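Everything below concerns the one structure shown next.
Number of protein chains: 2
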Amino acid sequence: MKETALCPRLSKAMELVGKRWTALIIYQLLEGPQRFNAIESSLPISGRLLSERLKELEKEGIVERNVFSEVPIRVEYSLTEKGHSLEQVVREIEEWSKKWL
Amino acid sequence: MKETALCPRLSKAMELVGKRWTALIIYQLLEGPQRFNAIESSLPISGRLLSERLKELEKEGIVERNVFSEVPIRVEYSLTEKGHSLEQVVREIEEWSKKWL
DNA sequence: TACTTCAATTACGAAAAGTAAGTAGCTTAC
DNA sequence: GTAAGCTACTTACTTTTCGTAATTGAAGTA
Numbered sequence: 002m003k004e005t006a007l008c009p010r011l012s013k014a015m016e017l018v019g020k021r022w023t024a025l026i027i028y029q030l031l032e033g034p035q036r037f038n039a040i041e042s043s044l045p046i047s048g049r050l051l052s053e054r055l056k057e058l059e060k061e062g063i064v065e066r067n068v069f070s071e072v073p074i075r076v077e078y079s080l081t082e083k084g085h086s087l088e089q090v091v092r093e094i095e096e097w098s099k100k101w102l
Numbered sequence: 002m003k004e005t006a007l008c009p010r011l012s013k014a015m016e017l018v019g020k021r022w023t024a025l026i027i028y029q030l031l032e033g034p035q036r037f038n039a040i041e042s043s044l045p046i047s048g049r050l051l052s053e054r055l056k057e058l059e060k061e062g063i064v065e066r067n068v069f070s071e072v073p074i075r076v077e078y079s080l081t082e083k084g085h086s087l088e089q090v091v092r093e094i095e096e097w098s099k100k101w102l
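Those protein sequence lines, which keep their order, are chains D and E.
Residues 2 to 102, numbered by my numbering, are exactly what the first sequence covers, in order.
Residues 2 to 102, numbered by my numbering, are exactly what the second sequence covers, in order.
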């Protein structure tokens with residue numbers, strides 16, 4: 002990949018928000034903590050990729066993973082403060098889609 | 002791909018804005034009409050993909066293509082009204098990146 | 001004719017995404 | 001006690017997209 006004069010923070014933000022499924026996963030989690038299967042059902046994403054994305058988002062400090070040792074096991078994902086801070090971004094996209102699509 | 006209960010407009014918007022390079026191309030064009038080489042130089046994107054993305058954005062009515070038959074040829078790309086309406090989205094991402102990255 | 005510039009386009013290997021089947025841990029059913 | 005079910009992944013494999021580099025085409029210039 003070539004060099005760029007682009008602001009690296011913006012660039013990084015675009016990589017995150019722009020990565021496939023990321024924004025939609027955050028959009029789902031804005032409704033509150035949700036478990037793996039719930040997210041998987043709410044989006045046309047495969048378990049394989051959802052697992053991958055959640056790990057990335059956890060690593061970025063955007064999503065938190067909580068395991069409840071019930072039967073059967075329950076794993077809930079929720080937004081951290083950093084994750085919630087993306088609400089405005091997602092809402093703007095939502096607004097735009099209502100006006101223009 | 003599976004079925005989804007997701008709003009199709011939001012879904013479409015995410016596909017657009019979320020597609021790699023799309024938001025960054027729009028970000029560049031917010032500064033005014035620019036020619037192919039200028040966009041290519043401002044981003045770490047290859048000509049192959051830039052060409053592909055610009056065609057998609059033109060098809061979506063977000064970007065306009067203007068050819069000037071000068072020597073050498075000049076092709077300028079600019080945002081349509083629909084394209085400009087994405088400014089808020091891009092600015093929100095920019096703001097977020099400043100605060101959190 | 002050979003050479004230059006710009007805006008693409010093509011060819012091809014590499015990376016990411018999509019699909020589907022399998023795994024692991026624990027419980028209830030038979 | 002083993003078979004079946006539930007949940008949350010994981011693995012194996014195919015298809016699509018991306019990245020790099022070389023090439024094309026049009027139009028003028030040396």
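No residue lacks a Cβ here, since even glycine has one placed at the ideal position from N, Cα and C.
Here the structure is a predicted model, which is why all the values come from computation and not from measurement.
For residue i, collect the residues of the same chain with a Cβ closer than 8 Å to its Cβ; drop the 5 residues on either side in sequence, then sort them by chain order.
i	result
E:L31	L80, H85, E88, V91
D:F69	R75, V76, E77
What three-state label does DSSP hand residue i in the structure shown?
i	result
E:V68	strand
D:K79	According to the sequence provided, residue 79 of chain D is Ser. The question's Lys does not apply to it. Three-state result, D:S79: strand.
D:K20	coil
D:P9	helix
D:L30	helix
Under DSSP, the alpha helix (DSSP H) around residue i begins and ends at which residues?
i	result
E:W101	88 to 101
D:S43	37 to 43
D:G48	48 to 60
Short of 6 Å in beta carbon distance, which residues of its chain neighbour residue i, apart from the five on each side in sequence? Order them along the chain.
i	result
E:N67	E77
D:S47	none
Which same chain residues end up closer than 7 Å to residue i when comparing Cβ atoms and leaving out the 5 residues on each side of it in sequence?
i	result
E:R54	W22, T23, I26
E:Y28	V91
Which residues of the region 51 to 77 of chain E have a Cβ closer than 8 Å to any Cβ of chain D? Give them in chain order. Correct list: empty, as no residue qualifies.
Below 7 Å between beta carbons is the criterion; list the residues of the region 80 to 93 of chain D that meet it against any residue of chain E, in chain order. Within the region 80 to 93 of chain D, the residues whose Cβ lies closer than 7 Å to some Cβ of chain E are K83, S86, L87, Q89, V90, E93, listed in chain order.
Near-chain D residues of the region 8 to 23 of chain E - C-beta to any C-beta below 9 Å: Hits within the stretch, in order: C8, P9, R10, L11, S12, K13, A14, M15, E16, L17, V18, G19, K20, R21, W22, T23.
Can you pull out the residues from the region 26 to 53 of chain E whose beta carbon lies closer than 7 Å to at least one beta carbon of chain D? Cβ contacts with chain D come from S43, L44, P45.
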